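Throughout the sequence shown, residue numbering follows the UniProt record's numbering, covering 1 to 329 in sequence.
Ideal placement from N, C-alpha and C gives every residue a C-beta, glycine not left out.
Here the structure is a predicted model, which means the values were calculated and not measured.
For reference, the structure is listed below as structure tokens.
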Amino acid sequence: MTKIGTDVHAAASILRSGGLVGLPTETVYGLAALVSLPEAVARVFRAKGRPTDHPLIVHVAGVDDLDRFARDVPPAARVLAARHWPGPLTILLRRSDAVADVVTGGRDTVALRAPAHPLAHALLAELGDGVVAPSANRFGRVSPTSAADVVAELGDAVDLVLDGGPCTVGIESTIVDLSGGVPRLLRAGQVTLAELREDLPDAEAAGDAAEPVAPGMLAAHYAPDARVVVLDPAVAPGEVARVVAPHVRDGRSVAVLAPDLIPGLLPPVEQLDAAGGPAAYARVLYARLREADRRGVDVLVVVPPPGDGIGAAVRDRLRRAAAGSAGTG
Ligand code: TXA
Ligand code: MG
1 MTKIGTDVHA
11 AASILRSGGL
21 VGLPTETVYG
31 LAALVSLPEA
41 VARVFRAKGR
51 PTDHPLIVHV
61 AGVDDLDRFA
71 RDVPPAARVL
81 AARHWPGPLT
91 ILLRRSDAVA
101 DVVTGGRDTV
111 ALRAPAHPLA
121 HALLAELGDG
131 VVAPSANRFG
141 RVSPTSAADV
151 VAELGDAVDL
161 VLDGGPCTVG
171 IESTIVDLSG
181 GVPRLLRAGQ
191 VTLAELREDL
201 PDAEAAGDAA
211 EPVAPGMLAA
221 HYAPDARVVV
231 LDPAVAPGEV
241 ARVVAPHVRD
251 GRSVAVLAPD
261 LIPGLLPPVE
271 QLDAAGGPAA
281 YARVLYARLR
291 EADRRGVDVL
301 VVVPPPGDGI
311 GAAVRDRLRR
321 AAAGSAGTG
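Encoded structure:
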């Protein structure tokens with residue numbers, strides 16, 4: 001039976017003996033294994049149903065671990081880590097010998113991040129080692145943002161879930177590639193390209209966000225069961241109603257997710273709440289996608305948040321969720 005709790009010592013001893021722990025972070029929950037136990041790392045791939053060539057992020061206690069898990073660390077990495085760690089920024093570097101092939105799918109690079117959640121930090125401090133932790137969802141599905149979500153996703157495949165409450169950021173970390181050449185943003189998140197450019201003026205965007213720049217950044221990802229239809233952030237309320245109408249007419253269960261209540265939308269159409277601005281939208285996004293599935297919603301019509309920064313990161317996730325559910329237009 002899967003246990004949910006807050007016992008960091010128990011979590012540490014499970015990890016040391018090769019078990020898997022649900023790890024609360026400020027972004028999403030991870031599925032953790034000790035980085036120095038290749039057998040345990042292999043279990044993570046099996047539990048998620050994730051292809052073994054999709055590399056894992058190594059979570060560390062802080063800046064002092066950079067040279068332990070990476071080599072040829074550029075000064076820029078130290079600057080970014082000093083500024084953003086602990087926090088939702090993952091830095092791609094050349095890997096050191098402390099990182100086994102199974103962690104990186106044989107690549108010469110390693111993704112490092114120091115999470116900000118106090119339970120994650122306490123666990124890493126007690127272990128004195130790093131942990132791999134992909135998001136604790138089955139491959140291609142919505143990332144979990146609560147301990148209960150982790151159990152719903154993985155059940156008995158996880159030995160203990162540390163319950164750190166709901167995640168405060170709600171979407172995955174920003175990934176920046178400093179492994180060579182020009183710094184590149186590989187995944188959008190709460191830490192924006194504009195912020196990265198304050199320290200690294202030459203940092204580049206990943207290009208077309210539809211291109212899978214990091215393995216695992218497939219177009220189809222973050223997908224709920226419901227078909228997801230993403231509209232323009234500036235769409236007029238009347239247009240939302242026009243998109244919804246034919247689905248209702250055809251007898252489908254329809255829900256709308258939007259920054260504000262859409263006037264004139266009547267039951268049976270359900271309105272899911274993502275009010276309070278782009279950061280609040282990010283915080284509840286994955287919980288709302290899960291809620292839509294729990295309610296048996298067939299079609300989820302989404303009005304994304306506006307703006308650069310985390311608003312853009314939310315739109316990136318929604319685009320992938322729509323691709324995963326074949327819900328375009
Ligand atoms: O916020 C987060 O980053 C969460 C929490 C748990 O920390 N973790 C997370 O892990 O989102 P995951 O495995 O679901 O996504 C990690 C992404 C994947 O797209 C993976 O391909 C990429 O990072 N990645 C990891 N190591 C890489 C490497 N060596 N080269 C290129 N991409 C890498
Ligand atoms: Mg993931």
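Query                                                                                                                         : Result
Whole-angstrom distance between residue 298 and residue 120, CA atom to CA atom                                               : 36 Å
Ligand 2 heavy atom lying under 7 Å from the CB of residue 237                                                                : no
Touch test, the stretch 255-274 against the stretch 118-134, Cβ-Cβ under 8 Å, three pairs minimum                             : no
When 183, 191, 232 and 288 are compared against residue 225, the one with the closest alpha-carbon                            : 288
Delimiting residues of the alpha helix (DSSP H) encompassing residue 282                                                      : 278-294
Cβ distance (whole Å) where residue 228 is taken to contact residue 318 below 8 Å                                             : 7 Å
Identity of the residue in 313, 22 and 18 nearest residue 205 by Cα                                                           : 313
Alpha-carbon spacing of residue 328 relative to residue 322, whole angstroms                                                  : Note on residue 328: pLDDT 36, under 50, position unreliable in the model; no value is reported.
Residue 198, buried or exposed, once every other Cβ within 10 Å from all chains shown has been counted against 16             : exposed
Candidates 301, 137 and 290, of which the one nearest residue 233 by Cα                                                       : 301
Own chain, CB closer than 8 Å to residue 9, minus 5 neighbours either side, in chain order                                    : 126
Close-in-space but distant-in-sequence residues of the same chain around residue 310 (CB under 7 Å, 5 per side omitted)       : 190, 278, 279 and 282
Through-space distance from residue 56 to residue 11, alpha-carbon basis                                                      : 20 Å
Own chain partners of residue 139 with C-beta closer than 6 Å, once the 5 adjacent residues on each side are dropped          : 48, 49 and 50
Residue 177 in three-state terms, based on DSSP                                                                               : strand
Any beta strand (DSSP E) of 3 or more consecutive residues that is wholly inside the stretch 121-200                          : 160-162, 174-177 and 184-187
Residue 53 versus residue 168 - alpha carbon distance                                                                         : 30 Å
Residue span of the beta strand (DSSP E) that contains residue 21, given as start and end                                     : 21-23
Own chain residues within Cβ distance below 6 Å of residue 87, not counting five before or after                              : 116
Contact check, residue 93 vs residue 70, beta carbons under 8 Å                                                               : yes
Cβ distance (whole Å) where residue 20 is taken to contact residue 159 below 8 Å                                              : 5 Å
Close Cβ partners of residue 104 (< 7 Å) along its chain, the five nearest in sequence each way excluded                      : 55, 95 and 110
8 Å Cβ cutoff met for residue 331 and residue 172                                                                             : Outside the displayed range of the chain (1 to 329) lies residue 331, so it cannot be described from this structure.
Exposure of residue 165, with buried meaning 16 or more beta-carbon neighbours within 10 Å                                    : exposed
Continuous alpha helix (DSSP H) stretch holding residue 261: start and end                                                    : It is not in any alpha helix (DSSP H) - residue 261 carries neither H nor E in the DSSP assignment.
Residues that residue 302 bridges to, as DSSP identifies them                                                                 : 230 and 257
Residue 247 - containing alpha helix (DSSP H), residue span                                                                   : 237-249
Proximity of residue 237 and residue 264 at Cβ, strictly below 8 Å                                                            : yes
Cut-off 6 Å between Cβ atoms - residues of its own chain near residue 6, not counting five sequence neighbours on either side : 163
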